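Worksheet for the structure shown next.
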Amino acid sequence: NDKILEVKNLKVSYHTYAGEVKSVRGVSFDLKEGEAIAIVGESGCGKSVTAKSIMGLIKGPQGEIKQGSEILYHGDNILNYNKKQWQAYKGGEVAIIFQDALASLNPTMRVGKQIMENLMAHKHMTKDEAKKEAVRMLQKVGIPEPEKRVRQYPHEFSGGMRQRVMIAIAFACDPKILICDEPTTALDVTIQGQILDIIKELQREHNTSVIMITHDLGVVANIAQKIAVMYSGVIVERGNCEDIFYRPRHPYTWALIRSVPRLDLENKQVLASIPGTPPDLLNPPVGCPFCTRCEYCMEICKEQMPEVTEFGDGHEASCWLHHPLAPKVEMPGEA
Ligand code: SF4
Ligand code: MG
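Note that full-length UniProt numbering gives residue 215 to position 210 of the sequence shown, counting from 1, and the numbers run on in steps of one.
Below is the structure:
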């Protein structure tokens, strides 16, 4: 079994004064060793909550992972871990990089020391070894003059350089799984590309499995082998990159693809945004979650959750348009 992680029927709710917000409503996917999967969707779709669940960051009393959810790491359900198992898992098996490197770094500690701490704790290096390795890591992630930079504090780095530091810290404990939650969202396009290249290179070198969380389909093509498109707490379509980009089968994926910034266009800021807002997860719709924004919405969409249709090679979509009795519509990429 080369599956390193299996998420099965994950359901996560947040308890608020207004009631129970069902943020993740039955998400399943798996990840092989060395593989990268992207989870793509708008903010509030449950992608970050899914990531937090895998990191053990869902905290009561507000946050609750529902009974029946499973997150198997090498076959063991991490949700049943004891304190010691959690420590080992979080300390060395998984790491996360957030969008906001400044908030995740310790502002009062030199960056070299922050890398060294991980190396000493998880790789049992001596101080001298860790110091050398920290310099090497900074060089590795493309930070010039690493001998000088190790002695500097986070505020002395630019946004892109700080994100590189975060990557160095994450890889210092040689994680088996790296979760990247919008790692490049705050950065301009050129820097984005560089950061993704560094993640990709280190991933190959360390044979790390990566979960890339993003709202931007544009950043995933070069890094992920598989894509899961999330909407309103559920995965509405999944497949390999080819299938998702060239043979998408869900109207929400079509809309996402239309909203990817095109670098070849004069004004790259003007994107087709998706009209409307996602449903209220205090009262999720009984039918298709996308029905309020979908231009193809039919009566049945409002009444029943669509079944999953399989298209081969792991490509699946949940949409009534694929029912044999549905009216034929032209699928993008088919023409
Ligand atoms: Fe649109 Fe209906 Fe498909 Fe939902 S099931 S995406 S509403 S066509
Ligand atoms: Mg988020």
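Here a beta-carbon is modelled for each residue, glycine too, at the ideal position from N, C-alpha and C.
In this text the structure is predicted, and so the values were computed from the model without any measurement.
By DSSP, does residue i sit in helix, in strand, or in coil?
{"i": "residue 314", "result": "strand"}
{"i": "residue 185", "result": "strand"}
{"i": "residue 1", "result": "Summary: the structure shown does not reach residue 1, with the chain confined to residues 6 through 340, and so no result is reported for it."}
{"i": "residue 31", "result": "strand"}
{"i": "residue 229", "result": "coil"}
{"i": "residue 272", "result": "Because residue 272 sits at a pLDDT of 48, beneath the cut-off of 50, its placement in the model cannot be relied upon, and the following sentence gives the value as read from the coordinates. The answer is coil: DSSP assigns residue 272 none of H, G, I, E or B."}
{"i": "residue 17", "result": "strand"}
{"i": "residue 58", "result": "helix"}
{"i": "residue 116", "result": "helix"}
{"i": "residue 248", "result": "helix"}
{"i": "residue 78", "result": "strand"}
{"i": "residue 220", "result": "coil"}
{"i": "residue 236", "result": "strand"}
{"i": "residue 243", "result": "strand"}
{"i": "residue 23", "result": "coil"}
{"i": "residue 53", "result": "helix"}
{"i": "residue 172", "result": "helix"}
{"i": "residue 320", "result": "strand"}
{"i": "residue 355", "result": "What is shown of the chain runs 6 to 340, which leaves residue 355 out entirely."}
{"i": "residue 194", "result": "helix"}
{"i": "residue 11", "result": "strand"}
{"i": "residue 340", "result": "The predicted position of residue 340 is uncertain, since its pLDDT is 48 and thus under 50; a value taken from the coordinates is nonetheless stated next. Coil, per DSSP."}
Assuming residue i and residue j form a contact by the criterion Cβ under 8 Å, report the distance between their Cβ atoms to the nearest whole angstrom.
{"i": "residue 43", "j": "residue 120", "result": "No, residue 43 and residue 120 are not in contact; Cβ-Cβ is about 27 Å, not under 8 Å."}
{"i": "residue 168", "j": "residue 200", "result": "5 Å"}
{"i": "residue 324", "j": "residue 256", "result": "7 Å"}
{"i": "residue 184", "j": "residue 101", "result": "4 Å"}
{"i": "residue 47", "j": "residue 283", "result": "6 Å"}
{"i": "residue 290", "j": "residue 296", "result": "6 Å"}
{"i": "residue 28", "j": "residue 287", "result": "Going by Cβ atoms, the distance from residue 28 to residue 287 rounds to 11 Å, so no, they are not a contact pair."}
{"i": "residue 218", "j": "residue 242", "result": "Rounded, the Cβ-Cβ distance is 16 Å, inconsistent with contact."}
{"i": "residue 96", "j": "residue 129", "result": "Residue 96 to residue 129, Cβ: 12 Å. No contact."}
Select from the options the residue whose C-alpha is nearest the C-alpha of residue i.
{"i": "residue 38", "options": "164, 19, 10", "result": "10"}
{"i": "residue 278", "options": "223, 115, 260", "result": "260"}
{"i": "residue 313", "options": "332, 54, 239", "result": "239"}
{"i": "residue 98", "options": "180, 311, 293, 258", "result": "180"}
{"i": "residue 222", "options": "202, 258, 210", "result": "258"}
{"i": "residue 67", "options": "60, 188, 306, 54", "result": "54"}
{"i": "residue 40", "options": "247, 208, 91", "result": "208"}
{"i": "residue 301", "options": "336, 319, 29, 82", "result": "336"}
{"i": "residue 140", "options": "114, 170, 162, 128", "result": "170"}
{"i": "residue 15", "options": "24, 32, 25, 23", "result": "32"}
{"i": "residue 174", "options": "225, 136, 299, 244", "result": "136"}
{"i": "residue 17", "options": "92, 206, 162, 30", "result": "30"}
{"i": "residue 50", "options": "94, 332, 26", "result": "26"}
{"i": "residue 65", "options": "322, 162, 19, 83", "result": "19"}
Counting only the same chain and skipping the five closest in sequence on each side, list residues whose C-beta sits under 8 Å from that of residue i.
{"i": "residue 134", "result": "124"}
{"i": "residue 229", "result": "41, 42, 43, 215, 217, 246"}
{"i": "residue 212", "result": "38, 39"}
I'd like the list of long-range same chain contacts for residue i, defined as Cβ closer than 6 Å, with 5 residues on each side in sequence excluded.
{"i": "residue 194", "result": "none"}
{"i": "residue 57", "result": "63"}
{"i": "residue 34", "result": "12, 233"}
{"i": "residue 265", "result": "222, 223"}
{"i": "residue 306", "result": "292, 293, 296, 325"}
Please confirm whether any heavy atom of the ligand PLP lies closer than 7 Å to the CB of residue i.
{"i": "residue 145", "result": "Here the bound small molecules are the ligand SF4 and the ligand MG; the ligand PLP is not part of this structure."}
Residues in its own chain within less than 7 Å of residue i by CB, not counting five upstream and five downstream?
{"i": "residue 294", "result": "236, 237, 239, 284"}
{"i": "residue 328", "result": "none"}
Distance cutoff 8 Å, beta carbons only. Does residue i sit that close to anything in chain E?
{"i": "residue 306", "result": "Of the protein chains in this structure there is only one, and it is not chain E."}
| task | Collect the residues with a C-beta less than 5 Å away from any heavy atom of the ligand SF4 and give them in sequence order along the chain. | result | 256, 293, 295, 296, 299, 301, 302, 306, 311, 324, 325, 326
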